[in-house]
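Line by line, the protein sequences are chains A and B.
Numbering follows the working numbering, in which position 69 of the first sequence is assigned residue number 68; successive positions increment by one, without gaps.
For any residue, its number in the working numbering is found by taking its place in the second sequence, counting from 1, and adding 1.
Beta carbons are placed, not taken as given, at the ideal position from N, Cα and C, and that holds for glycine.
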Amino acid sequence: MKFNDALIGAALVALGAVVLWHIQGFPPMLGQKYGPAWFPGLIAVGLVICGSLLIFGRLRAASPQPLAALPEWVRRPRAAAAVASVIGGLLFYIFAADALGFHITASLLLLVWARLLRAPWALALPVAISATLVIHLSFYKLLKIPLPWGVFERFAF
Amino acid sequence: MTLAVLSQALALVFDPYVLWVIVASAAFGLFVGAIPGLTATMATALLVPVTFFMPPVPAIASIVTATAMAIFAGDIPSCLLRMPGTPASAAYTDEAYAMTKKGQGEMALGAGLIFSVMGGLFGTAVLIAAAPALAEVALKFSSFEYFWLVILGLSSAVFLAIGDPLKGVVSLLLGLLVSAVGLDNPAAFPRFTFGNAELAGGFTLIPIMIGMFAVSEILRNVANMDQPWEMAQSKIGNVFTGMWTLTKRYPVQILRGSTLGTAIGALPGAGADIAAWMSYAISKKFSKEREKFGTGHVEGIVEAGASNNSALAGAWIPALVFGIPGDSITAIVIGVLYIKGLNPGPTVFMEKAPEMYAIFIVFILANLLMIPLGVAAIKGAKQLLRAPREVLMPVILLFCIVGSFAINNSIFGVVLMLAFGIVAYLMEENGFPVAPAILGMVLGAMLEENFISSMIKADGRLLGFFERPIAAGLGALTLAVFAWPLARAWLLPERTSR
């Protein structure tokens, strides 16, 4: 997704302004000029300046630039679905992993992702199961990472 | 270095477990480097969760080996597919591909391998000689010198990169803003935490880096997966043929590439990809056969191939001595060093001498191992590039999830990974480089701390920053970096933007 530089500039100016407004509430450090607000304040001023420069640069430029342009892969359904599935799948993991457990969530995601990327079932299915198993053995068993069991809690091994 | 330290270091490296880790990481690095879209930085980010559970020496050894292999292996798809395996090969991808098209694929691949090894060994030699010596000097550094070093690193990341410096500055500021979150500031005041306990300690950087270097790359990959890769040459003969002749014909280029690469690597903030671009440009500028560049001429590959691998070792100099990353890879490495109790800084060479020399030995070993394993990777390139990406990407993604989770055993890590992955993807789409943001995140706290203590010492006078000789020198060097975009216009006239 490509945005117009002026639009990005405006967003940066806004971000800088919000930060400047927010740090007004930071307490000063006793007996010192440079409190906790000082460093973020400097960054915020920088953001406002750079944002303005981006806006002015765009306004001065002769060639037009659309406000926002979608990448070309959006028009290819398969590619768009793959990108959406990566983001959607990660969101799904974030919300479902604790309840469903790592093993179900992970193998399900692997299967969906691989299929969307056109892996045949004969490849997608064994990979989904074996990769989950390998991570279980290496991360859960060997490295003692507490991957959630979810609904399989009773069968934990 | 005493003999006792050396023998301790050798014992640390020549341990069956460590050697096994080195060979496994080498294979991993070759694989990641050879697949376009999987970078050396990504290899490092993916290795971190695994290294978590290793003793210090194998942990660092795995990263050193994997990155050295990956930077070389990036040349393989450059030659065969016209796609750089890692950004460090991008400078001479067209040249290497043109050579393959002319039927000189063996020579292009061989040059990539042999001169990567030479450059890597050169950089390692400088690292071994310079780092401990620099550490002695650095013992006398005060907040002024550290302030300038940080500024130098941040400026190099912005101004030496190819692209719009203004967008680089924006990226840097965003990284610094991220670093300002949490209690880690001189006043220990919880900034931007909004009462969230997860944020009190600041953002955890490893999940962010996995997001920015791996997830964003996967997003780009899956969007373009339906285009099949066409290999320009499938049978590869002896890659060593003619290498001795090349070494004799281009000694100046090899030396110049290695020297510049090491220097750029050692400069905080600039790494292998910038080194390769500069070396390729310099090679062309001073070549006797300039007109042949771009048509499949090996000279630039010799120089830039040596350059990017030497930069890799050079980048460890500021990382180990000052805790200031020389490139994005060492930005990740510094986090690992802290976790492993090898806190970077001038004293590490006294307190942890055996471990430091063990790292140096691993560097030598990794570069020597590159010859047999590199030949194997070149021979197996056909199979390597046929690796089924349609299951590879999902598995890497799952690995990212588990890695981000494992850092704090918290799902918040996965949230950070996803959020910053999307941010990095959008940034690159819009021409904002990611590396300055990473450097800002890593160096923000150090910048603030050293600036404030310097300002207090100098009583608010900015001239105080130039009163100590080394500080003044570093300040002057920083100002020189600011002028680089002008020099670039002279060196790289035809390439002002990516």
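Contacts of residue i in chain A (Cβ-Cβ under 7 Å)
i: I275 of chain B; result: The contacting residues do not exist; I275 of chain B stays about 22 Å from chain A at best.
i: L427 of chain B; result: M0
Cross-chain neighbours of residue i in chain B, by beta carbon under 8 Å
i: L116 of chain A; result: V223, M226, R390, E391, V392, M394, P395
Contact with chain A by residue i, beta-carbon distance below 9 Å
i: L167 of chain B; result: yes
i: A407 of chain B; result: yes
i: E449 of chain B; result: yes
i: F160 of chain B; result: no
i: M119 of chain B; result: no
i: G272 of chain B; result: no
i: W491 of chain B; result: no
i: A445 of chain B; result: According to the sequence displayed, residue 445 of chain B carries Gly and not Ala. Yes, because at least one Cβ of chain A sits closer than 9 Å to the Cβ of G445 of chain B.
i: R496 of chain B; result: A caution first: R496 of chain B carries a pLDDT of 49, below 50, which makes its placement in the model too unreliable to give a value.
i: R499 of chain B; result: No answer about R499 of chain B holds up, because its pLDDT of 37 lies below 50 and its placement is not dependable.
i: L313 of chain B; result: no
i: F116 of chain B; result: no
i: F1 of chain B; result: Chain B is shown from 2 up to 499; residue 1 of chain B falls before or after that span and cannot be answered.
i: V51 of chain B; result: yes
i: F32 of chain B; result: no
i: V216 of chain B; result: yes
i: F452 of chain B; result: yes
Chain-ordered chain A contacts of residue i [CB-CB under 8 Å]
i: M456 of chain B; result: K32, Y33
Option in the options with minimal Cα separation from residue i
i: I439 of chain B; options: B:L480, B:I219, B:S311, B:G212; result: B:G212
i: L69 of chain A; options: A:I128, A:N3, A:G50; result: A:N3
i: A201 of chain B; options: B:I219, B:S217, B:I372, B:V179; result: B:V179
i: F467 of chain B; options: B:K380, B:G38, B:L150, B:A312; result: B:L150
i: A96 of chain A; options: B:L487, B:A488, B:V415; result: B:V415
i: I412 of chain B; options: A:L108, A:Y92, A:K143; result: A:Y92
i: G238 of chain B; options: B:L110, B:P59, B:L153; result: B:L110
i: I163 of chain B; options: B:F421, B:I275, B:I423; result: B:I275
i: A215 of chain B; options: B:D16, B:T42, B:L7; result: B:T42
i: A85 of chain A; options: A:L124, A:A60, A:L115; result: It should be noted that the sequence gives Val, not Ala, for residue 85 of chain A. Comparing Cα positions, the closest option is A:L115.
i: G1 of chain B; options: B:G381, B:S8, B:A69, B:W21; result: With chain B covering 2 to 499 only, the question about residue 1 of chain B has no answer from this structure.
i: F54 of chain B; options: A:A155, A:L146, A:S137, A:F156; result: A:S137
i: I408 of chain B; options: A:L142, A:L90, A:F156, A:G34; result: A:L142
i: T3 of chain B; options: B:N410, B:A354, B:I457; result: B:A354
i: T52 of chain B; options: B:V337, B:M84, B:P133, B:V14; result: B:V337
i: A91 of chain B; options: B:G104, B:F73, B:M108; result: B:F73
i: P27 of chain A; options: B:A131, B:R192, B:A89, B:V182; result: B:R192
Contacts of residue i in chain C (Cβ-Cβ under 7 Å)
i: R77 of chain A; result: Although the question refers to chain C, the structure presented lacks it and instead comprises the protein chains A and B.
Chain-ordered chain B contacts of residue i [CB-CB under 9 Å]
i: L58 of chain A; result: Result: empty, since nearest Cβ-Cβ is about 14 Å, beyond 9 Å.
i: P70 of chain A; result: A224, E430
i: A105 of chain A; result: L399, I402, V403
i: L109 of chain A; result: V392, P395, V396, L398, L399
i: F25 of chain A; result: A188, F190, R192
9 Å Cβ cut-off: residues of chain A touching residue i
i: I219 of chain B; result: V85
Residue-chain proximity (residue i, chain B), Cβ-Cβ < 9 Å
i: L53 of chain A; result: yes
i: K143 of chain A; result: yes
i: V82 of chain A; result: yes
i: A96 of chain A; result: yes
i: L89 of chain A; result: yes
Scan the stretch 171-197 of chain B for residues whose Cβ lies nearer than 7 Å to a Cβ of chain A and list them as they occur along the chain.
From the stretch 171-197 of chain B, only V171, L174, L177, L178, A181, N186, A188, F190, R192 have a Cβ closer than 7 Å to chain A.
Check whether the stretch 142-159 of chain B and the stretch 465-475 of chain B touch, using three or more Cβ-Cβ pairs below 8 Å as the test.
The stretch 142-159 of chain B, when compared against the stretch 465-475 of chain B, does touch it at the 8 Å Cβ threshold.
Please name the residues in the stretch 38-50 of chain A whose beta-carbon is closer than 7 Å to at least one beta-carbon of chain B, in chain order.
Taking 7 Å as the upper bound on Cβ-Cβ separation, chain B lies near residues F38, P39, I42, G45, L46, C49 of the stretch 38-50 of chain A.
Would you check if there are 3 or more beta carbon pairs closer than 8 Å linking the stretch 293-309 of chain B to the stretch 320-336 of chain B?
The answer is no - the stretch 320-336 of chain B does not touch the stretch 293-309 of chain B, with fewer than three Cβ pairs under 8 Å.
Between the stretch 275-305 of chain B and chain A, which residues of the former have a C-beta closer than 7 Å to a C-beta of the latter?
Of all residues in the stretch 275-305 of chain B, none is placed with a Cβ closer than 7 Å to any Cβ belonging to chain A.
Positions along the stretch 454-478 of chain B whose CB lies within less than 8 Å of some CB in chain A
Answer in chain order: M456, I457, G461.
Across the stretch 255-271 of chain B and the stretch 118-126 of chain B, are there enough close Cβ pairs to call them in contact, namely three or more that are closer than 8 Å?
Contact between the stretch 255-271 of chain B and the stretch 118-126 of chain B is present, because at least three Cβ pairs lie under 8 Å.
Chain A contacts from the stretch 410-422 of chain B (Cβ-Cβ distance under 7 Å):
Within the stretch 410-422 of chain B, the qualifying residues are N410, I412, V415, V416, L419.
Could you tell me whether the stretch 216-226 of chain B touches the stretch 246-253 of chain B, using the rule of 3 or more Cβ pairs below 8 Å?
By the C-beta criterion, the stretch 216-226 of chain B is judged not to be in contact with the stretch 246-253 of chain B, since fewer than 3 inter-stretch pairs fall below 8 Å.
Does the contact criterion of 3 or more C-beta pairs under 8 Å hold for the stretch 92-106 of chain A versus the stretch 136-151 of chain A?
Using a Cβ-Cβ distance cut-off of 8 Å, the stretch 92-106 of chain A and the stretch 136-151 of chain A are in contact, since at least three pairs of beta carbons, one from each stretch, lie closer than that value.
Taking three-plus beta-carbon pairs below 8 Å as touching, is the stretch 90-103 of chain B in contact with the stretch 394-409 of chain B?
Contact annotation: the stretch 90-103 of chain B does not touch the stretch 394-409 of chain B, with fewer than three C-beta pairs closer than 8 Å.
Residues from the stretch 332-361 of chain B in contact with chain A, defined by Cβ distance under 9 Å
The stretch 332-361 of chain B vs chain A, Cβ under 9 Å: nothing.
For the pair the stretch 7-27 of chain B and the stretch 379-398 of chain B, tell me if three or more CB-CB distances fall below 8 Å.
No: fewer than three Cβ pairs fall under 8 Å.
Please name the residues in the stretch 54-75 of chain B whose beta-carbon is closer than 9 Å to at least one beta-carbon of chain A, in chain order.
When CB distances to chain A are screened at a threshold of 9 Å, the residues of the stretch 54-75 of chain B falling below it are F54, in chain order.
Closer than 7 Å between beta carbons: that is the criterion. Which residues of the stretch 117-135 of chain A meet it against chain B?
Here the close residues are R117, A118, L122, A123, V126, A130, I134.
If contact is defined by three or more beta carbon pairs under 8 Å, each pair taking one atom from either stretch, is the stretch 44-56 of chain A in contact with the stretch 6-23 of chain A?
Using a C-beta cut-off of 8 Å, the stretch 6-23 of chain A makes contact with the stretch 44-56 of chain A, since at least three inter-stretch Cβ pairs fall below that distance.
With contact counted as at least three CB pairs below 8 Å, one residue from each stretch, are the stretch 340-358 of chain B and the stretch 153-172 of chain B in contact?
No: the two stretches stay apart, fewer than three of their Cβ pairs being nearer than 8 Å.
Given 8 Å as the limit, is there contact between the stretch 165-175 of chain B and the stretch 430-439 of chain B, that is, 3 or more CB pairs closer than that?
Segments in contact, yes.
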